[in-house]
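So for the sequence shown, the numbering used here puts the first residue at 10; every next one is plus one.
Have a look at the structure below, then the notes.
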Amino acid sequence: MNYCRFVCKNNGVLFENQLLQIGVKSEFQQNLGRMYLFYGNKTSVQFQSFSPTVSYPGDLQSQLKIQTKAVEPLVEGGAQVQQVLNIECLSDFTESPLINIKFGYHCLTSQPNPQL
């Protein structure tokens, strides 16, 4: 995935597969920012136990602070839910945080893990 396009652009599709599309819109002022993630269920079947969480590889946790708002655990087929992330950059960083997504789909479990 080409994340460099988000250096000059503040919205677009972050991730997409046959089940899920993740859109992003972001706004930053100096070291503070807000990111809106839009999770779209591309199927006609409900996602159950939908749970996105942020993880920090390496030393990133000391360089970046992210507060996430919870999302509803059920995402209806064809529906979209929004998650807000409040971000504070504490120091320069080179690694990207990961968004870990777990959900049940038609008796199966899926776990896409795109970078933010």
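All C-beta atoms, glycine included, are put in the ideal place defined by N, C-alpha and C.
Here the structure is a predicted model, which is why all the values come from computation and not from measurement.
- For residue 83, the CB contacts under 8 Å within the same chain, skipping 5 residues up- and downstream, are 55, 56, 57 and 59 in chain order.
- If you keep only unbroken beta strand (DSSP E) runs of at least 3 residues inside the region 56-82, you get 56-64 and 73-77.
- Sorting 97, 29 and 114 by C-alpha distance to the C-alpha of residue 43 places 97 at the top.
- In the three-state scheme derived from DSSP, where H, G and I count as helix and E and B as strand, residue 41 is classed as strand.
- With a beta-carbon spacing of about 11 Å, residue 45 and residue 90 fall beyond the 8 Å limit used to define contacts.
- Judged by DSSP in its simplified three-state form, residue 112 adopts strand.
- In the displayed model, residue 29 falls within a strand according to three-state DSSP.
- Residues of the same chain with a CB within less than 7 Å of the CB of residue 23, apart from the 5 flanking positions on each side, are 31, 32, 33 and 123 in chain order.
- For the pair residue 68 and residue 75, the Cα-to-Cα distance works out to about 14 Å.
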